[in-house]
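Chains A and B, in that order, are what the protein sequence lines are. For the first sequence, our numbering gives the first residue as 168, with consecutive numbering after it. For the second sequence, our numbering gives the first residue as 270, with consecutive numbering after it. Just so you know, even glycine gets a beta-carbon here, dropped at the ideal spot from N, CA and C. Treat the numbers as computed from the prediction; the structure is a model and nothing was measured. One structure below.
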Amino acid sequence: MTSRAERLATYGVLSLFAVIAVFPLLAVAAQALALPHLSFGAFTAAWRQGHFARYLTNSLIVVTVVVVVASVLSILAGYALGTMDFRGATTLFYVFLAGLMVPTEAIVVPLYFDLRSVGLDNTLPGLMLPQIAQSVSFGVFWMRAYFRSAPRSLIEASRMDGASSWTTLRRVLIPVGRPAILTMVVLIAMWTWNEFLLALVIMNSNEDRRTAPLGLSIFQGQHQTEYQPLMAAALIVAAPVVLVYVFLQRHFIAGMLSGAVKE
Amino acid sequence: MRLGVGRPAPAGRAGAPPPGEPRRIGYLYVLPALVIYALFLLWPLLHGAWLSLFHWDGLTVGTWAGLGNYRQTISDPQLRGAFGHAVVLLFFYAILPCCIAFVLVAAMSRSRPRGMTFFRTVLFLPQVVAMVAVAVAWQWIYSAHGPVNGTLRLIGLGGLARGWLGDFTWALPSVGLIGTWAEIGLAMVLFLAGVQKIPQELYEAARVDGAGAVAEFFAVTLPGLRRELAVALTLTTIAALRNFDLIYLTTGGGPGDATKVPAYEVYNRTFNTGEVGLACAIGITIAIIVFAVTAGVGRLVEGRA
Numbered sequence: 168m169t170s171r172a173e174r175l176a177t178y179g180v181l182s183l184f185a186v187i188a189v190f191p192l193l194a195v196a197a198q199a200l201a202l203p204h205l206s207f208g209a210f211t212a213a214w215r216q217g218h219f220a221r222y223l224t225n226s227l228i229v230v231t232v233v234v235v236v237a238s239v240l241s242i243l244a245g246y247a248l249g250t251m252d253f254r255g256a257t258t259l260f261y262v263f264l265a266g267l268m269v270p271t272e273a274i275v276v277p278l279y280f281d282l283r284s285v286g287l288d289n290t291l292p293g294l295m296l297p298q299i300a301q302s303v304s305f306g307v308f309w310m311r312a313y314f315r316s317a318p319r320s321l322i323e324a325s326r327m328d329g330a331s332s333w334t335t336l337r338r339v340l341i342p343v344g345r346p347a348i349l350t351m352v353v354l355i356a357m358w359t360w361n362e363f364l365l366a367l368v369i370m371n372s373n374e375d376r377r378t379a380p381l382g383l384s385i386f387q388g389q390h391q392t393e394y395q396p397l398m399a400a401a402l403i404v405a406a407p408v409v410l411v412y413v414f415l416q417r418h419f420i421a422g423m424l425s426g427a428v429k430e
Numbered sequence: 270m271r272l273g274v275g276r277p278a279p280a281g282r283a284g285a286p287p288p289g290e291p292r293r294i295g296y297l298y299v300l301p302a303l304v305i306y307a308l309f310l311l312w313p314l315l316h317g318a319w320l321s322l323f324h325w326d327g328l329t330v331g332t333w334a335g336l337g338n339y340r341q342t343i344s345d346p347q348l349r350g351a352f353g354h355a356v357v358l359l360f361f362y363a364i365l366p367c368c369i370a371f372v373l374v375a376a377m378s379r380s381r382p383r384g385m386t387f388f389r390t391v392l393f394l395p396q397v398v399a400m401v402a403v404a405v406a407w408q409w410i411y412s413a414h415g416p417v418n419g420t421l422r423l424i425g426l427g428g429l430a431r432g433w434l435g436d437f438t439w440a441l442p443s444v445g446l447i448g449t450w451a452e453i454g455l456a457m458v459l460f461l462a463g464v465q466k467i468p469q470e471l472y473e474a475a476r477v478d479g480a481g482a483v484a485e486f487f488a489v490t491l492p493g494l495r496r497e498l499a500v501a502l503t504l505t506t507i508a509a510l511r512n513f514d515l516i517y518l519t520t521g522g523g524p525g526d527a528t529k530v531p532a533y534e535v536y537n538r539t540f541n542t543g544e545v546g547l548a549c550a551i552g553i554t555i556a557i558i559v560f561a562v563t564a565g566v567g568r569l570v571e572g573r574a
């Protein structure tokens with residue numbers, strides 16, 4: 168039904184905006200690699216001067232713990248809220264859902280004083296726990312939707328076989344729900360890896376425990392206009408998420424556009 | 270593209286639960302998540318609301334302020350300026366990307382191009398890159414010898430070249446355009462998915478009725494994309510309000526107060542000027558606006574459905 172010209176125009180528009188979307192990132196990569204000469208000098212310089220080995224390790228630890236703990240808690244709570252009838256279940260769901268609308272800006276200042284008063288400021292657990300709480304808010308919303316959509320017959324058949332609610336979850340629902348769980352995992356991992364404000368406020372004086380984005384902002388402060396190492400550092404921080412995204416883009420997009428309000 | 274997790278939820282469970290339906294054990298499953306969520310999200314939120322009622326510098330004993338901090342949030346010229354900047358950024362983050370993406374997608378709604386997965390992946394990319402890295406990249410793009418000024422000099426408009434992020438007039442729109450860049454792909458991906466779901470027969474019917482491109486847009490495309498438009502406006506509006514990272518890393522609120530925004534003021538008033546109560550009031554105000562936008566846009570869509 169469509170003319171050739173129309174189709175060409177469509178591709179033209181899509182290509183133009185695709186170029187706009189990747190241009191800043193390609194420019195960063197080109198500068199970092201000193202194209203067209205191709206040199207990794209900027210990377211080694213940024214890596215050493217910016218202490219990125221340590222900061223990436225910290226980020227990896229934070230992301231791993233937040234993802235594992237938040238996923239387990241979300242699956243458990245989402246399972247109960249999605250498949251069981253008990254008093255207050257709906258209210259509890261709305262309580263979790265409300266957390267999706269709470270911006271970090273609204274809780275970061277009281278968190279800073281609360282964590283300081285219990286000695287958790289400038290520690291990794293102090294950075295992880297608030298992020299687990301934020302992730303659980305999305306995770307419960309997401310997993311409850313999955314458990315509600317899982318065929319009722321599956322759950323009932325399992326129960327007829329005499330399986331407990333725990334066995335039903337472990338043996339039946341989790342294996343079937345792998346795609347939904349994977350989506351949740353990649354989103355929580357991305358949000359945690361990219362988090363800046365919490366890291367800036369909570370890791371205010373412990374240089375050894377900085378995360379990668381915080382390390383980049385410090386590095387930027389020290390290398391204002393030395394763009395080559397700066398771009399290399401930016402690439403080091405952004406690359407892990409972008410790599411995972413390229414392979415699992417469907418999960419990222421579906422999850423982020425699910426109407427969930429968090430970003 | 271599917272936005273949800275597949276099948277619709279089973280119909281209401283009004284009747285008595287089947288025998289053996291686990292009930293009380295549900296609390297046990299919810300408990301661990303609830304404890305962490307309550308301690309590290311709900312409690313800080315309530316604590317923040319409480320602190321917002323005091324004049325407190327973070328060190329000495331605070332004094333009761335009632336709603337004084339909220340009055341100051343509205344009346345203080347600097348803070349009013351910050352909220353004004355947020356409105357300007359709202360245009361760049363939400364209105365501009367949604368309008369551009371909407372018109373573009375509507376224009377190509379008649380064709381079903383191939384290779385959509387590739388375009389979708391690329392267009393959505395800015396959404397997953399750490400804001401810190403985005404800020405570093407754009408700081409170079411806007412710098413004295415960056416590509417923006419380079420292009421201007423190339424086309425003989427070198428007189429317009431400047432350090433964009435350090436310019437009193439241009440810093441705010443420059444930051445805003447970074448937001449446009451980040452959000453336009455999100456809007457396009459949403460609308461592209463929505464357009465695929467509009468039945469082709471509707472377009473054919475419109476054409477049989479002799480509708481031109483414009484009439485077709487208002488009769489078929491606009492109503493068909495209402496839901497996606499609501500989601501896009503909600504997500505981009507929230508992004509416009511929650512832009513601490515970008516402001517802190519590109520301009521630090523400057524030059525002068527030119528790019529101060531509420532999200533930045535929360536940090537600034539706590540750690541630079543020692544007005545913790547006021548900072549909490551700003552934070553709670555942002556949360557209320559986010560809540561109102563989410564509820565308001567949702568209602569608008571449902572109401573017309």
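In this structure, A/Leu-248 lies near A/Ala-256, with their beta-carbon atoms less than 8 Å apart. With a cut-off of 8 Å on Cβ pairs, the stretch 419-438 of chain B is in contact with the stretch 400-411 of chain B, counting three or more such pairs. Comparing alpha-carbon positions, the option among B/Leu-502, B/Cys-549 and B/Val-535 lying closest to B/Gly-567 turns out to be B/Leu-502.
Following the DSSP letters along the chain, one finds B/Gln-408 inside the alpha helix (DSSP H) bounded by residues 400-410. One alpha carbon belongs to B/Gly-384, the other to B/Val-458, and they sit about 13 Å apart. A straight-line Cα-Cα distance of about 47 Å links A/Arg-337 and B/Val-545. The beta carbon of B/Ala-406 sits closer than 7 Å to no other beta carbon from its chain once the five residues preceding and following it are set aside. Bridge pairing for B/Thr-332: B/His-324 [DSSP]. B/Ile-453 sits in a helix when the DSSP states are folded into three classes. The stretch 187-229 of chain A contains, as complete alpha helix (DSSP H) runs of 4+ residues, the segments 208-216 (chain order). Residue burial is scored here from C-beta neighbours: B/Lys-466 has fewer than 16 other C-beta atoms within 10 angstroms and is therefore classed as exposed.
Look at B/Asp-436 here: in three-state DSSP terms it is coil, with no helix or strand label. With fewer than 16 other CB atoms across the displayed protein chains lying within 10 angstroms of its CB, B/Trp-333 is exposed. Within chain B, the residues placing a beta-carbon under 8 Å from that of A/Asp-281 are Trp-312, Pro-313 and His-316, ordered along the chain. Excluding residues up to 5 positions away in sequence, nothing lies with its Cβ nearer than 6 Å to the Cβ of B/Tyr-298 in the same chain.
Contact with chain B is absent for A/Val-229, since none of that chain's Cβ atoms lies less than 8 Å from the residue's Cβ. When C-beta atoms of the stretch 502-521 of chain B are compared with those of the stretch 474-484 of chain B, fewer than three pairs fall below 8 Å, so the two segments do not count as touching. When C-alpha distances from B/Ile-453 are compared across A/Thr-177, A/Ala-172, A/Glu-173 and A/Leu-181, the shortest belongs to A/Leu-181. The C-beta of B/Leu-434 comes no closer than 8 Å to any C-beta of chain A. Rounded to the nearest whole angstrom, the CA to CA distance from A/Tyr-412 to B/Ala-556 is 29 Å. Contact with chain B is absent for A/Asp-288, since none of that chain's Cβ atoms lies less than 8 Å from the residue's Cβ.
By the Cβ criterion, the stretch 285-299 of chain A is not in contact with the stretch 526-540 of chain B, since fewer than three pairs of Cβ atoms, one from each stretch, lie closer than 8 Å. In terms of Cα proximity to B/Ala-475, the closest of B/Leu-423, B/Val-489 and B/Met-377 is B/Val-489.
About 6 Å separates the beta carbon of A/Val-269 from that of B/Leu-310, a gap short enough to meet the 8 Å contact definition. The distance from the Cβ of A/Val-408 to that of A/Met-357 is about 5 Å, consistent with a contact at the 8 Å cut-off.
Nearest CB-CB separation between A/Pro-380 and chain B: below the 8 Å threshold. Cβ-Cβ distances below 7 Å link A/Leu-365 to Thr-271, Val-275, Leu-294, Pro-297 and Gln-298 in the same chain, with the five nearest sequence neighbours on each side left out; the list follows chain order. For B/Pro-346 against B/Ala-440, the beta-carbon gap comes to about 19 Å, at or over 8 Å, which does not count as contact. At the C-beta level, A/Ile-369 and A/Tyr-279 come within 8 Å of one another.
Contact of A/Val-233 with chain B is not assigned, every C-beta pair being separated by 8 Å or more.
Using a Cβ-Cβ cut-off of 7 Å, B/Asp-514 is close to Phe-363 and Leu-364 of chain A, given in chain order. With respect to the 8 Å criterion, A/Gln-416 and B/Thr-390 are classified as neighbours on the basis of their beta carbons. Taking the C-beta atoms as reference points, A/Val-307 is found nearer than 8 Å to A/Ser-241. Only residues of its own chain outside the window of five on either side were considered, and among them Pro-531 have a CB closer than 7 Å to the CB of B/Phe-352, listed in chain order. At a cut-off of 8 Å between beta carbons, B/Tyr-306 contacts chain A.
With distances taken between CA atoms, A/Ala-197 lies nearest to B/Pro-416 out of B/Asp-436, B/Ile-507 and B/Pro-416.
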